[in-house]
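Q:
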Amino acid sequence: MASYKEQVERDLDRWIGEGLVPADNRAAMLASIPQASRLDAATALAWVGGVLAGVALIAFVAANWDLLPRLAKFAMVLGLFAASAGAAAWFSRAGRPNAANGLLAFAAFAFAAAIGLTGQIFDIAGDERTAFYASGVVAAALALAGRGSAPAIAAVWFVGTGDFAAIQLFNVSSDFDVAGLFIAAPAAAALAVYWRSVPLAHAAALGLIAAAVWLALKLHAPPEGVVGFAAALAVLAAAGRWLRERGAPTGGVFYGWLAWGAVVFYICGGIDLSHGWTIPHRIGWLILGGALVALGRRDRMGSVTAAGVLSLMIGISVVMYDLGLGLLTASAVFFFAAIAAAVAGFAMRRRAA
Amino acid sequence: MPAAWMRILAVAAVSILALVAVVVHEGMARDAGTEIAMPMQPVDPQSLLSGHYVVVGLSETLDAGQACPPGVETGIQPNFDASMRKPRWVALAPAAGHTRVAGVADTEAAARRFAPLVAHGDAYCVATVPDTTGFVATWLGVDHFYLDQAEAQRVAGAMSPTSDQPAPVSAIISIGADNRARMKGVMVGAQRIAPGWY
């Protein structure tokens with residue numbers, strides 16, 4: 001596969017041939033593009049050797065795990081965490097943030113493993129949820145200490161897993177639990193915007209949707225409540241859109257994911273609606289799909305357009321086949337949705353003019 | 354503000370110290386707690402041993418005419434499923450070489466009216482009726498006990514209904530001052546298997 005520099009070189013020769021670019025500038029222009037670094041054979045072999053040595057060490061320890069004294073096992077578990085955190089600190093000090101970021105994420109997972117293995121080594125019975133939350137807190141602390149998005153993503157994952165792993169979602173509980181994601185996801189979203197980290201924005205947006213799912217399941221939300229969650233996610237998606245329009249690189253991520261979340265919640269809200277609300281819900285569904293297609297096209301957001309197209313396709317299928325409506329009713333539903341789409345399109349055209 | 358590398362090292366050090374503190378605290382609480390032994394019953398031999406741990410299923414058979422302890426949830430389900438457990442208080446009293454459930458209550462004070470030793474947990478009872486032997490299944494928050502592979506297999510073998518050398522197996526549990534149960538070991542017949550710190 002040709003590198004970017006090779007592609008530019010070809011295009012440049014063509015442009016020079018067509019008289020678009022002076023030939024004298026060719027060398028200077030190509031020199032301004034850095035050569036992509038490539039892994040040489042020796043480095044590649046060193047990496048392979050390092051990985052194989054690591055696998056050999058893990059296999060050796062696993063084979064002798066039963067023979068090791070408890071304190072030795074504990075020391076090894078803590079040593080792995082300390083070594084990875086120490087290496088992250090070393091790379092951070094050396095001015096290599098990417099390596100530090102990756103090692104901080106590894107350290108976060110090593111600490112989570114340390115919690116689990118410590119419970120096993122010393123037979124400490126504990127709550128699964130607490131273990132995940134503790135892992136999340138340490139991952140978040142490492143993220144803040146090293147300003148690393150990867151451990152922050154790990155923190156969101158740990159907290160979310162803790163929320164869903166141990167809680168009995170489908171049992172009515174007299175004690176109202178609070179999901180850790182209610183804190184972790186907004187905090188991650190704020191950090192993502194502040195650090196301008198797109199990967200963290202993905203994790204934060206998914207965390208926000210997961211928090212809504214958790215709450216809807218926990219509260220056994222009625223259809224109206226689920227549609228309410230859809231509205232809340234739509235508001236957050238609008239906030240993401242607002243950020244995007246102001247140039248925040250993370251805004252589009254929130255906009256896309258949360259729009260998807262809102263659509264899915266809206267659709268789920270209509271599964272078990274009472275008969276009287278079914279037709280308004282289906283009309284709203286079609287309007288929402290059309291609006292998302294228009295919005296996605298206007299904002300050049302492929303993910304939002306895709307959400308709208310998919311929503312429309314499923315919505316039309318549901319209206320035609322699942323509702324058991326007569327063709328006349330189906331025709332009325334499509335007619336009202338079409339009127340709404342036409343009015344909206346006309347209004348947008350007038351506004352653009 | 355200190356440099357990032359210093360902050361990372363500080364977080365790592367605090368995290369390690371916190372984990373060590375948990376281990377030391379749990380070990381001290383286990384050593385200082387009141388030791389009890391409760392019979393373990395294999396509910397399903399297939400699920401008894403997984404990896405290197407023994408599933409701790411505390412269960413005591415009820416003799417004919419023996420009633421369920423007061424306050425205990427009763428039913429006809431053959432297992433004390435996790436979804437049936439509630440955060441309650443279990444009163445424990447000595448009986449014939451082991452410890453049995455004296456009663457269950459929603460509060461600590463109410464549980465102490467049955468017996469002075471109480472722990473966080475719950476119990477479930479199936480009463481003895483003609484042709485069916487009842488039992489009291491107890492959950493004290495300890496589900497697994499980790500052992501070396503050979504020991505775990507020996508315990509599992511002793512508890513298996515098809516075992517050549519069956520032996521009564523009891524869980525040795527420490528009830529701490531915080532009313533939490535902590536596993537200390539298992540008793541297979543007359544042999545005590547209780548790994549120490551090392």
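Residue numbers (this note's numbering), protein chains in the order written: chain W, 1 to 353; chain E, 354 to 551.
C-beta atoms are modelled at their ideal positions from N, C-alpha and C, and glycine is treated no differently.
(1) Would W/Pro-151 be called buried (16 or more neighbouring beta carbons within 10 Å of its own) or exposed?
(2) To the nearest angstrom, report how far apart W/Trp-242 and W/Ser-317 are at their CA atoms.
(3) Any contact of the region 82–96 of chain W with the region 126–140 of chain W, i.e. 3+ C-beta pairs under 8 Å?
(4) Where does W/Lys-218 sit, in a helix, a strand or coil, going by DSSP?
(5) Under 9 Å, Cβ to Cβ, is there at least one residue of chain W near E/Ser-359?
(6) Which residue from E/Trp-442, E/Val-454 and E/Leu-470 puts its Cα closest to that of E/Glu-461?
(7) How should E/Thr-491 be labelled, buried or exposed, when 16 other C-beta atoms within 10 angstroms of its C-beta is the threshold for buried?
(8) Starting from W/Cys-268 and walking both ways along the alpha helix (DSSP H), at which residues does that stretch end?
(9) Could you spell out the range, first to last residue, of the alpha helix (DSSP H) harbouring E/Glu-504?
(10) Compare the C-alpha of E/Ala-534 against each of E/Ala-520, E/Gln-502, E/Leu-493 and E/Met-540 and name the closest.
(11) Consult DSSP for E/Gly-428 and reduce its assignment to one of helix, strand or coil.
(12) So is E/Lys-439 buried or exposed if we call it buried at 16+ other beta carbons inside 10 Å?
(13) Fully enclosed by the region 114–157 of chain W, which alpha helix (DSSP H) runs are 4 residues long or longer?
(14) Measure the Cβ-Cβ separation of E/Ala-559 and E/Val-522 and say whether it is below 9 Å.
(15) Specify, as a first and last residue, the run of the alpha helix (DSSP H) that E/Phe-498 falls within.
(16) Report the neighbours of E/Gly-494 on chain W: residues whose CB is nearer than 8 Å to its CB, in chain order.
(17) Specify, as a first and last residue, the run of the beta strand (DSSP E) that E/Leu-411 falls within.
(18) Taking the CB atoms as reference points, tell me whether E/Phe-467 and E/Thr-414 lie closer together than 9 Å.
(19) To which residues of the same chain is W/Ala-356 closer than 8 Å at the C-beta, ignoring the five residues directly before and after it?
(20) Looking at chain E, is there any beta carbon in it that lies within less than 9 Å of the beta carbon of W/Pro-198?
(21) Taking E/Gly-380 as the query, report the chain W residues whose CB atoms sit under 9 Å from its CB, ordered along the chain.
(22) With a cut-off of 8 Å on the beta carbons, I'd call W/Val-213 and W/Gly-256 a contact; round off their distance for me.
(23) Just to confirm, is the Cβ distance from W/Gly-315 to W/Ile-279 under 9 Å?
(24) Counting C-beta neighbours from all protein chains within 10 Å, is the total for W/Arg-244 16 or more, i.e. buried, or is it exposed?
(25) Comparing C-alpha positions only, which one of E/Ala-463, E/Asp-434, E/Pro-483 and E/Glu-504 sits nearest to E/Gly-410?
(26) Considering only C-alpha positions, which residue in the set E/Gln-394, E/Thr-452, E/Met-391 and E/Val-457 is nearest to E/Pro-423?
(27) May I ask you to report which of helix, strand or coil DSSP gives E/Val-364?
(28) Under 9 Å between C-beta atoms, does W/Ala-114 make it to chain E?
(29) How would you label W/Gly-251, buried or exposed, when you count the other beta carbons within 10 angstroms and need 16 or more for buried?
(30) Can you grab the Cα-Cα spacing for the pair W/Ser-174 / E/Asp-459, in whole Å?
(31) Taking Cβ-Cβ distances below 8 Å as the criterion, which residues of the region 83–94 of chain W are in contact with chain E?
(32) In the DSSP assignment, the alpha helix (DSSP H) including W/Phe-182 goes from what residue to what residue?
(33) Which residues, in chain order, does the region 138–161 of chain W contribute to contact with chain C at a C-beta distance below 7 Å?
(34) What does DSSP give as the partner residues of E/Leu-470 in its beta bridges?
(35) Please classify E/Pro-392 as buried or exposed, where buried requires at least 16 other C-beta atoms within 10 Å of its C-beta.
A: Per the coordinate set shown:
(1) It counts as buried.
(2) Their Cα atoms are separated by approximately 33 Å.
(3) Because the criterion of three Cβ pairs below 8 Å is not met, the region 82–96 of chain W and the region 126–140 of chain W do not touch.
(4) W/Lys-218 sits in a helix when the DSSP states are folded into three classes.
(5) The amino acid occupying residue 359 of chain E in the given sequence is Met; Ser does not appear at that position. Proximity of E/Met-359 to chain W, defined by a Cβ-Cβ separation below 9 Å, is satisfied.
(6) Measuring from the Cα of E/Glu-461, the nearest candidate turns out to be E/Trp-442.
(7) The residue in question, E/Thr-491, is buried, as its Cβ has 16 or more Cβ neighbours within 10 Å.
(8) 251–269 is the extent of the alpha helix (DSSP H) around W/Cys-268.
(9) Boundaries of the alpha helix (DSSP H) around E/Glu-504: 502–512.
(10) Considering only alpha carbons, the answer is E/Leu-493.
(11) Judged by DSSP in its simplified three-state form, E/Gly-428 adopts coil rather than helix or strand.
(12) By the neighbour-count rule (16 or more Cβ atoms within 10 Å), E/Lys-439 is not buried but exposed.
(13) If we require 4 residues or more, the alpha helix (DSSP H) runs fully inside the region 114–157 of chain W come out as 128–146.
(14) With chain E covering only 354 through 551, there is no way to say anything about residue 559 of chain E.
(15) No alpha helix (DSSP H) contains E/Phe-498, which is instead part of the beta strand (DSSP E) from 497–499.
(16) Under the 8 Å cutoff, chain W gives Ala-125.
(17) Its beta strand (DSSP E) spans residues 411–414.
(18) For E/Phe-467 and E/Thr-414, no; Cβs fall outside 9 Å.
(19) An answer regarding residue 356 of chain W cannot be provided, because it is not within the stretch 1 to 353 covered by chain W.
(20) Here residue 198 of chain W is Val; the residue named in the question, Pro, does not match the sequence. Chain E has no Cβ within less than 9 Å of the Cβ of W/Val-198.
(21) Phe-122 and Ile-124, listed in chain order.
(22) The Cβ separation is near 18 Å, so there is no contact.
(23) Taking the C-beta atoms as reference points, W/Ile-279 is found no nearer than 9 Å to W/Gly-315.
(24) Result: buried.
(25) Looking at E/Ala-463, E/Asp-434, E/Pro-483 and E/Glu-504, the one whose alpha-carbon comes closest to that of E/Gly-410 is E/Asp-434.
(26) Comparing C-alpha distances from E/Pro-423 to each of E/Gln-394, E/Thr-452, E/Met-391 and E/Val-457 shows the shortest one belongs to E/Val-457.
(27) E/Val-364: helix per DSSP, three-state reduction.
(28) The beta carbon of W/Ala-114 sits closer than 9 Å to some beta carbon of chain E.
(29) Answer is buried; the Cβ neighbour count reaches 16.
(30) Summary for W/Ser-174: the model assigns pLDDT 42, below 50, so the residue's position carries little reliability; its value from the coordinates is reported in the next sentence. Each residue's alpha carbon lies about 14 Å from the other.
(31) Correct list: Ala-85, Gly-86, Ala-88, Ala-89, Trp-90, Ser-92 and Arg-93.
(32) Note, W/Phe-182: alpha helix (DSSP H), 181–195.
(33) Structure shown: chain C not included; protein chains present are W and E.
(34) Note: E/Leu-470 sits in a beta bridge opposite E/Leu-445.
(35) E/Pro-392 should be labelled buried.
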